[in-house]
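Engineer: In the working numbering, the protein residues as written are 1487 to 2234.
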């Protein structure tokens, strides 16, 4: 209740009759009156001032009702007013959402982008759009058929946009399933409460083949005379408004292709198949943000050949050699030519034809060429070098449009149908002293051959066929004169073989033709008589050598030598000298056959040479000598020592941290002292004052352990071990000076 005034009310729609307010009468007013948008159910009781609603308000019909209220006196005149009464109708969720179609139909392309809408559904709600009552949420309730665990489609819950899911983008295929039915569900209250109103609708989706697919292989004829660029193909994205682009698969100086904004592909210049016969590149589609819309398409282009290349002879001059005895019909060679046009096509198919032959004797058709292979053959008879040594052919090579001349030269080769014949069938007897030097020429022989000179058919090879089992002789051929020179290859020995009966044959390196054989005319005889020469005695070996340890005991047998006389005379050793040494270290016994070591001094050389001389017993002038080599192996028999190349000292007073380098040496071979060990004698004085640490295999550091040293010379006992086989150990006293270093020589 309250006095008459302007007043606003908020009233929820529905709900039936109700009292809103009671205005109090203020004298002289006795009643109230209303006017305005009463909608037939809003009024005021005149006497009591009760403002009431006699029914239900409907927000969907009218959201605001505006009335005027005034008070009246007894005569009906206005006392106060009119005052505004405004009634705001509050919405309640009393309307379900409704789709704007009873059924929807959509089309989606295979391989469409996931999340890219291809259709929309739309629903409305008559409730207040500023409240949750009219806020709608979309979802897919059912999916028929649904062959996969995940749905092939998805819907934006706020906009109703339907798009392929990732699974759908990959699996949608009209060949497998071209129609799907979705039951799309819409809820008001933004789908947040269980008691919201709902509606559903069927969405029929047809799957069609993707527009975005690579064209078939594109064929372009080379060297086109059309005005470029020339359209060769087209691509189309599943989505409108995309930006097309090209990128190359292989790095080229310039890709001769382009693409327009509507997906037309062009070749921008004439192509040359001989330069490049195939191209591969990719076409892409992007949105205005630069993101790929579709997967890149691979485009293949094949450049088709035209006949634009003439045949080319593989050689400027083809030279073919033919032997005289080649039979008619024999293949004698091939004329090779090439064509840069496409292989195994009619454009590169070649035909061969003999255009001319020089000379035309004895016939102008001596040769035949196979038209498809270029193989040359003899027609009907063998060639004769006496008739012509060479033939010159011009071969016409053609393809369907061009022709070329190839030059061919046929050389007739002499055949080996003549055998070598010796001028002498017997060269008699040649007498040689057994000391004739090796390499000496003892006889010149000669045979002749009627075949073509300076060929393998006429060159003569001489060999000893019989009478020389040990290959004592060899025969060399002068290739210019075909003369043979018999030389001594091995030393002659009267005592072993005083007479040789040689049979010598003459042959050619080229095989004889069929039907021709070597005979007695290619053989000759030679008798060689070897005369005796008194030769000096000889040793069994050209030299002797042995190896012994340097600690070998005195009078140990170390080597044996033997000598003999080729004529069987007795021999003796007349002298033995140990070269480059003072004193005698070796002796011989039993005719020089046994060598002994005589003394066991500390030898200073590793290798000693002993010269042994042997002579005939009855002729001392006939003598020979041989060298014996004695190699001494070192043994580990020297104790390690401290090197004394420089003094060891420390400056006084000792401050700590100083150290000096000491070195160990050994007179033995390095094999026995590759690694020295340094240590202090186990004495308290030494270990309390000094410290030794290893530097490398031959050096160590000596360091004082404190600073309390007097200015004098100390003896530092050190044990050295050479780690040899056997290891040798030596105790040495190292003199160490502690001295003032104010002048250069004060420590020495």
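From the three backbone atoms N, C-alpha and C, an ideal C-beta is built for every residue, glycine too. Quantities reported herein were computed from a predicted structural model and do not represent experimental measurements.
Starting from the Cα of residue 1661, find the closest Cα among 1645, 1625, 1595 and give me that residue.
Structural biologist: Here the question's residue 1661 lines up with position 175 in the chain shown. Considering only alpha carbons, the answer is 1595.
Engineer: Using a Cβ-Cβ cutoff of less than 6 Å, which residues in the same chain neighbour residue 1844 once the five nearest sequence positions on both sides are dropped?
Structural biologist: Counting from one through the chain shown, the residue named residue 1844 turns up at place 358. Within the same chain, residue 1844 has close Cβ partners 1878.
Engineer: Roughly how many angstroms lie between the CA atoms of residue 2128 and residue 2028, to the nearest whole one?
Structural biologist: Numbered from 1 along the chain shown, position 642 holds the residue referred to as residue 2128. Numbered from 1 along the chain shown, position 542 holds the residue referred to as residue 2028. So the alpha carbons of these two residues sit roughly 47 Å apart.
Engineer: Put residue 1564 into one of helix, strand or coil per three-state DSSP.
Structural biologist: Within the chain shown, the letter at position 78 stands for residue 1564. Correct three-state label for residue 1564: strand.
Engineer: If we count the other Cβ atoms within 10 Å of its Cβ and call it buried at 16 or more, is residue 2083 buried or exposed?
Structural biologist: Here residue 2083 corresponds to residue number 597 of the chain shown, with the count starting at 1. The pLDDT assigned to residue 2083 is 47, lower than 50, so where the model puts this residue is not dependable; a value taken from the coordinates is nonetheless given after this. Per the 10 Å Cβ criterion, buried.
Engineer: Could you tell me the distance, in whole angstroms, from the CA atom of residue 1490 to the CA atom of residue 1570?
Structural biologist: By 1-based counting over the chain shown, the position of residue 1490 is 4. By 1-based counting over the chain shown, the position of residue 1570 is 84. Approximately 10 Å, taken between the alpha carbons.
Engineer: Should residue 1986 go down as buried or exposed, given a rule of 16 or more other Cβ atoms within 10 Å for buried?
Structural biologist: In the chain shown, the residue the question calls residue 1986 occupies position 500. With 16 or more Cβ atoms within 10 Å of its Cβ, residue 1986 is classed as buried.
Engineer: Over what stretch of residues does the alpha helix (DSSP H) that includes residue 2171 continue unbroken?
Structural biologist: Residue 2171 sits at position 685 when you count from the first residue of the chain shown. Taken as a continuous stretch (DSSP letters only), the alpha helix (DSSP H) holding residue 2171 covers 2170 to 2175.
Engineer: Closest to residue 2018 by CA distance: which of 1909, 1902, 2052, 1720 is it?
Structural biologist: For this step, residue 2018 is matched to residue 532 along the chain shown. Closest by alpha carbon: 2052.
Engineer: Grouping DSSP H, G and I as helix and E and B as strand, with all else coil, what is residue 1831?
Structural biologist: Here residue 1831 refers to the residue found at position 345 when the chain shown is read from its first residue. It is coil, neither helix nor strand.
Engineer: Between the C-alpha atoms of residue 1912 and residue 2043, what's the straight-line distance to the nearest angstrom?
Structural biologist: Along the chain shown, one-based indexing puts residue 1912 at 426. Along the chain shown, one-based indexing puts residue 2043 at 557. Answer to the nearest angstrom: the Cα atoms are 58 Å apart.
Engineer: Among residues of its own chain, excluding the 5 on either side of residue 2008, which ones have a beta-carbon nearer than 8 Å to its beta-carbon?
Structural biologist: The residue labelled residue 2008 in the question sits at position 522 within the chain shown. The answer, listed in chain order, is 1905, 1906, 1907, 1908, 1933, 1991, 1992, 1993.
Engineer: For my contact list, residue 2183 and residue 2211 are in at a C-beta cut-off of 8 Å; report their separation, rounded to the angstrom.
Structural biologist: For the purposes of this step, residue 2183 is taken as residue 697 along the chain shown, with counting starting at 1. For the purposes of this step, residue 2211 is taken as residue 725 along the chain shown, with counting starting at 1. 16 Å between Cβ atoms; not a contact.
Engineer: Near residue 2217, what residues of its chain come up, given a Cβ to Cβ distance below 7 Å and the 5 sequence neighbours on each side ignored?
Structural biologist: In the chain shown, the residue the question calls residue 2217 occupies position 731. 2167, 2203, 2205, listed in sequence order.
Engineer: When the Cα atoms are used, what is the spatial distance from residue 1734 to residue 1743?
Structural biologist: Against the chain shown, residue 1734 aligns to sequence position 248. Against the chain shown, residue 1743 aligns to sequence position 257. Rounded to the nearest angstrom, the two C-alpha atoms are 10 Å apart.
Engineer: So, at 6 Å on beta carbons, what are the nonlocal neighbours of residue 1764 in its own chain, with the 5 sequence-adjacent residues on each side left out?
Structural biologist: Working through the chain shown from its first residue, we reach residue 1764 at position 278. Only 1788 meet the Cβ criterion.
Engineer: Quick one: grab the DSSP three-state call for residue 1746.
Structural biologist: Working through the chain shown from its first residue, we reach residue 1746 at position 260. If DSSP states are grouped into helix, strand and coil, residue 1746 belongs with coil.
Engineer: Taking three-plus beta-carbon pairs below 8 Å as touching, is the segment 1690 to 1700 in contact with the segment 1596 to 1612?
Structural biologist: Taking 8 Å as the limit for Cβ pairs, the verdict is that the segment 1596 to 1612 does touch the segment 1690 to 1700.
Engineer: Could you pull out every residue in the same chain whose Cβ sits closer than 6 Å to the Cβ of residue 1820, ignoring the five residues on either side in sequence?
Structural biologist: Along the chain shown, one-based indexing puts residue 1820 at 334. Once the five neighbours on either side are set aside, the close Cβ partners of residue 1820 are 1860, 1861.
Engineer: Please identify the residue among 1675, 1500, 1797 whose C-alpha is closest to the C-alpha of residue 1616.
Structural biologist: What you label residue 1616 is simply residue 130 of the chain shown in a count that begins at 1. When each option's Cα is compared against that of residue 1616, the closest is 1675.
Engineer: Which residue wins for smallest C-alpha separation from residue 1850, given the options 1865, 1857, 1756, 2001?
Structural biologist: Residue numbering aside, residue 1850 sits at position 364 when the chain shown is read from its first letter. Closest option to residue 1850, Cα to Cα, is 1865.
Engineer: In terms of residues, what are the limits of the beta strand (DSSP E) holding residue 1655?
Structural biologist: Within the chain shown, numbered from 1, the residue matching residue 1655 stands at position 169. Residue 1655 -> not in any beta strand (DSSP E); alpha helix (DSSP H) instead, spanning 1652 to 1657.
Engineer: Pick out whichever of 1673, 1576, 1646, 1714 has its Cα sitting closest to the Cα of residue 1500.
Structural biologist: Position 14 of the chain shown, counted from the first residue, corresponds to residue 1500. Taking only the C-alpha atoms, the option nearest residue 1500 is 1576.
Engineer: Between residue 1926 and residue 1979, what straight-line distance do the alpha-carbon atoms span, to the nearest angstrom?
Structural biologist: Taking the first residue of the chain shown as position 1, residue 1926 is located at position 440. Taking the first residue of the chain shown as position 1, residue 1979 is located at position 493. So the alpha carbons of these two residues sit roughly 15 Å apart.
Engineer: Report yes or no: do the segment 1626 to 1634 and the segment 1557 to 1567 share at least 3 C-beta pairs separated by less than 8 Å?
Structural biologist: No, the segment 1626 to 1634 is not in contact with the segment 1557 to 1567.
Engineer: Report yes if the C-beta distance between residue 1672 and residue 1583 is below 7 Å; otherwise report no.
Structural biologist: Here residue 1672 is taken as the residue at index 186 of the chain shown, counted from 1. Here residue 1583 is taken as the residue at index 97 of the chain shown, counted from 1. Contact: yes.
Engineer: Report back the beta-carbon spacing between residue 2146 and residue 2188 to the nearest angstrom; my notes put them in contact at under 8 Å.
Structural biologist: Numbered from its first residue, the chain shown carries residue 2146 at position 660. Numbered from its first residue, the chain shown carries residue 2188 at position 702. Going by Cβ atoms, the distance from residue 2146 to residue 2188 rounds to 5 Å, so yes, they are a contact pair.
Engineer: Measure the beta-carbon distance from residue 1677 to residue 1623 and round it to whole angstroms, keeping in mind my assumption that it falls under 8 Å.
Structural biologist: Here residue 1677 refers to the residue found at position 191 when the chain shown is read from its first residue. Here residue 1623 refers to the residue found at position 137 when the chain shown is read from its first residue. Confirmed, about 3 Å.
Engineer: Consult DSSP for residue 1618 and reduce its assignment to one of helix, strand or coil.
Structural biologist: Reading the chain shown from its first residue, position 132 is the one you call residue 1618. Correct three-state label for residue 1618: helix.
Engineer: Measure the beta-carbon distance from residue 1609 to residue 1586 and round it to whole angstroms, keeping in mind my assumption that it falls under 8 Å.
Structural biologist: Against the chain shown, residue 1609 aligns to sequence position 123. Against the chain shown, residue 1586 aligns to sequence position 100. Sure, about 7 Å apart at Cβ, within 8 Å.
Engineer: Distance check for residue 1884 and residue 1805, CA to CA, integer angstroms please.
Structural biologist: Start at 1 with the first residue of the chain shown, and residue 1805 comes out as number 319. Start at 1 with the first residue of the chain shown, and residue 1884 comes out as number 398. If I take the Cα positions, the gap works out to 21 Å.
Engineer: Which class does residue 1875 belong to by DSSP, given the choice of helix, strand or coil?
Structural biologist: Taking the chain shown and counting its residues from 1, the one referred to as residue 1875 is at position 389. Correct three-state label for residue 1875: coil.
Engineer: In angstroms, rounded to a whole number, what distance separates the CA positions of residue 1521 and residue 1686?
Structural biologist: To locate residue 1521, count along the chain shown from 1; it is residue 35. To locate residue 1686, count along the chain shown from 1; it is residue 200. Spanning the two alpha carbons is a distance of roughly 45 Å.
Engineer: Taking residue 1869 as the reference, which of 1953, 1838, 1896 has the closest Cα?
Structural biologist: Taking the first residue of the chain shown as 1, we reach residue 1869 at position 383. Ranking 1953, 1838, 1896 by Cα distance to residue 1869 puts 1896 first.
Engineer: Quick one: residues in its chain with C-beta nearer than 7 Å to the C-beta of residue 1479, no 5 flanking neighbours on either side, listed in chain order?
Structural biologist: Here the chain comprises residues numbered 1487 to 2234, so residue 1479 is not present and cannot be evaluated.
Engineer: Do you know how far the Cα of residue 1842 is from the Cα of residue 1996?
Structural biologist: Locating residue 1996 in the chain shown gives position 510, counting from the first residue. Locating residue 1842 in the chain shown gives position 356, counting from the first residue. About 33 Å.
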